[in-house]
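Numbering-wise (this note's numbering), the sequence shown opens with residue 837 and increments by one.
Notes to accompany the following structure.
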Amino acid sequence: MKVLVIGGGNMGLTYAEAIAKSKFLKDKDLMILDNSKEKTEELRKRSHFAVFEKLEECVPAADVIFIAVKPYHANALMESMKDLTSEGQIFISLMAGVTIAAIQEGLNRKKVVRAMPNLPAQVGKGLTSFTASDEVSRLELSTIENLLDTTGRSVRLDTENDIDASTGISGSGPAYIFYFMQSMLEAALKMGFSKHDSRVLVEQTFAGAVELFGSSDMDPEAWMNKVASKGGTTRAALDSMEDNNVKEMIKEAAYAAFNRAVELGKEYQNG
């Protein structure tokens, strides 16, 4: 099997590097294309994949093609590559807001997977949600899942609406965590801790809490109750959050991301 990644930006390169490290493919069976000469020169310094600048040099040879370009480049890219594609190829889109139907129409091909990765993919801890057109077989889906899992974990969803919803949770979610971390860092600094000590306190607290959460089937509320005791310091903090409606605000933020994902899809379709 030969895999091509179109786009050598952050997410395209993340997948190319992860697939290479996984040894899922032989070195030269993994290809990457970028139209920037500066980028391709940088990519050629890495020995574990073949680098290309022209679509005709690599698209026909690929079995699976990741499309990792900005959505506003989608139409021009598909117009340029559609005559180079073949019926059996599978196209995995990492483009936000570009629907499966739009890709099928743009390429005149049926086997399309729409995927939504998140930033922790860069350190092998990513979550990629994906859904596929009916023409992608069960065996092919298994292969796709293995490729996506090289950056962490993947979850197959039923519909594209689910992909938009996952944007509000896992796609945008790391930023919510960083927002909370930043708030705690600022609180630590205000309490008199140094920048270094503040970072250690916050980083290890988050890392430990995530590890605990993954160690059992207990839900977050049960873990909160383990930390908090009646009349104690943790209960005072949690009560303050409840009084300030923090939980509802976080839910509303997730829905705002979900709704914007839907809007972006409509903007692409209308634009």
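In this text, a Cβ means the ideal position worked out from N, Cα and C, and glycines have one as well.
As the structure is a prediction and not an experimental result, all values here were calculated from the model.
Just the Cα atoms here: how many angstroms apart are A1023 and E1088? Walking along the sequence shown from the start, residue 1023 turns up at place 187. Walking along the sequence shown from the start, residue 1088 turns up at place 252. C-alpha separation (whole angstroms): 24 Å.
Would you call V791 buried or exposed, if buried means 16 or more other Cβ atoms sit within 10 Å of its Cβ? Nothing about residue 791 can be reported from this structure: the residues present for the chain run from 837 to 1107 only.
According to DSSP, what are the bridge partners of S929? Numbered from 1 along the sequence shown, position 93 holds the residue referred to as residue 929. In the DSSP output, where bridge partners are listed per residue, S929 has I903, R950.
How many Å lie between E981 and E878 at the Cα? Numbered from 1 along the sequence shown, position 145 holds the residue referred to as residue 981. Numbered from 1 along the sequence shown, position 42 holds the residue referred to as residue 878. Approximately 29 Å, taken between the alpha carbons.
Candidates K862, F902, I928, D899, of which the one nearest H884 by Cα: Numbered from 1 along the sequence shown, position 48 holds the residue referred to as residue 884. Closest by alpha carbon: K862.
Are the stretch 938–949 and the stretch 993–1009 touching, with three or more C-beta to C-beta distances below 8 Å? no
Apart from the five residues on each side of it in sequence, which residues of its chain come closer than 6 Å, Cβ to Cβ, to T876? The sequence position of residue 876 within the sequence shown is 40, counting from 1. Taken in chain order, the residues that qualify are D870, V887, E889.
For S1016, which of helix, strand or coil comes out of DSSP? For the purposes of this step, residue 1016 is identified with residue 180 of the sequence shown, where counting begins at 1. Strictly speaking, residue 1016 in this sequence is Phe, with Ser absent from that position. DSSP places F1016 in helix when its eight states are reduced to three.
Proximal residues to K864 (C-beta, below 6 Å), its chain only, five neighbours per side dropped: Locating residue 864 in the sequence shown gives position 28, counting from the first residue. A886.
Do the stretch 1100–1107 and the stretch 927–937 touch if we need at least three Cβ pairs shorter than 8 Å? yes
Since M837 is in the beta strand (DSSP E), which residue starts that stretch and which ends it? The sequence position of residue 837 within the sequence shown is 1, counting from 1. It is not in any beta strand (DSSP E) - M837 carries neither H nor E in the DSSP assignment.
Cα-Cα, which of V900, I1086, A1090 is closest to A852? As a working note, residue 852 is residue 16 in the sequence shown. Looking at the Cα atoms, V900 is the closest of the given residues.
Give the straight-line distance between the Cα atoms of G924 and K947, rounded to the nearest whole angstrom. On the sequence shown, residue 924 is found 88 positions in, with the first residue counted as 1. On the sequence shown, residue 947 is found 111 positions in, with the first residue counted as 1. Approximately 8 Å, taken between the alpha carbons.
Taking R992 as part of the beta strand (DSSP E), name the residues at either end of that continuous run. Your numbering for residue 992 matches position 156 in the sequence shown. R992 -> beta strand (DSSP E) spans 988–992.
Drop a sphere of 10 angstroms on the beta-carbon of V1038, count the other beta-carbons inside from all chains shown, and report buried for 16 or more, exposed for fewer. Within the sequence shown, numbered from 1, the residue matching residue 1038 stands at position 202. Looking at its Cβ environment, which holds 16 or more other Cβ atoms inside 10 Å, V1038 is buried.
Mind checking who I868 pairs with in its DSSP beta bridge? Mapped onto the sequence shown, residue 868 falls at position 32. Its beta-bridge partners are V841, V887.
Alpha carbon of F860 to alpha carbon of D985, nearest angstrom: Residue mapping note: residue 860 aligns to position 24 of the sequence shown, counting from 1. Residue mapping note: residue 985 aligns to position 149 of the sequence shown, counting from 1. Cα to Cα, F860 sits roughly 11 Å from D985.
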